[in-house]
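Using the numbering used here, read the sequence shown as starting at 1303 and increasing by one per residue. Beta carbons are placed, not taken as given, at the ideal position from N, Cα and C, and that holds for glycine. Report on the structure given below.
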Amino acid sequence: MTQTIKVFTPIKRVPTMIGKAQNGQKLPFGPYTLPQVAVAAVLLLVTSVCALNSPLNPAITFIAGVALTAMVVFALGLVPYTGVRLTSRVWWLGRLVLRRKPASASGMPVDVDSARNTLFIEESVVAILAVDGGR
1303 MTQTIKVFTP IKRVPTMIGK AQNGQKLPFG PYTLPQVAVA AVLLLVTSVC
1353 ALNSPLNPAI TFIAGVALTA MVVFALGLVP YTGVRLTSRV WWLGRLVLRR
1403 KPASASGMPV DVDSARNTLF IEESVVAILA VDGGR
């Protein structure tokens, strides 16, 4: 006799999207995720500060900053949402680009001495036996 096994998983995280302005109009090229809105706000703030304080032409500095902001927000929209925190992904990518040593998934450093301190647990097979509930 077969038994149905139910496996309950937690609810997947769904990204919060911003698609309309306060007056109800759709945002151009939207909807946007919260990280996109945050990055856009920070980059526009940096752009305005640089335009006011740099010795270069403020109009060209501002236009270049707005173009850079648009490209970064667009690129951030292409990043697939997997449920993994975006900051963790950024740290992982930054470490991968800047520190070109082998990395382990456990966070343990991989070096000559790691073989002495590493513990390998062998994979095992577990047999699950169905028990008839008295029927």
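Between P1317 and T1306, the gap from beta carbon to beta carbon reaches 8 Å or more.
Inclusion of T1349 and G1326 in the CB contact set at 8 Å is not warranted, their separation being larger than that value. For T1363, the uninterrupted alpha helix (DSSP H) segment begins and ends at P1360 to G1379. Taking each of V1392, A1340, L1347 and F1310 in turn and checking the Cα distance to F1364, the smallest one comes out for L1347. For M1373, same chain residues with a beta-carbon under 7 Å away, outside a window of 5 residues either side, do not exist. Counting of Cβ neighbours within 10 angstroms places T1371 among the buried residues, the total reaching 16 or more. Looking at the backbone, the Cα of Q1338 and that of F1331 are separated by about 12 Å.
Beta-bridge annotation (DSSP): I1307 is not paired with any residue. Taking every protein chain shown into account, the CB of V1375 has 16 or more other CB atoms within 10 angstroms, so this residue is buried. The shortest C-alpha to C-alpha distance from M1319 to any of G1379, V1392 and P1360 is the one to G1379. Counting along the chain, R1397 sits inside the alpha helix (DSSP H) bounded by residues L1388 to L1400.
It is roughly 34 Å from the alpha-carbon of V1309 to the alpha-carbon of P1333.
For A1342, the closest alpha carbon among the candidates R1387, T1311, A1377 and L1358 is that of A1377. In the displayed model, T1384 falls within coil according to three-state DSSP, outside both helix and strand.
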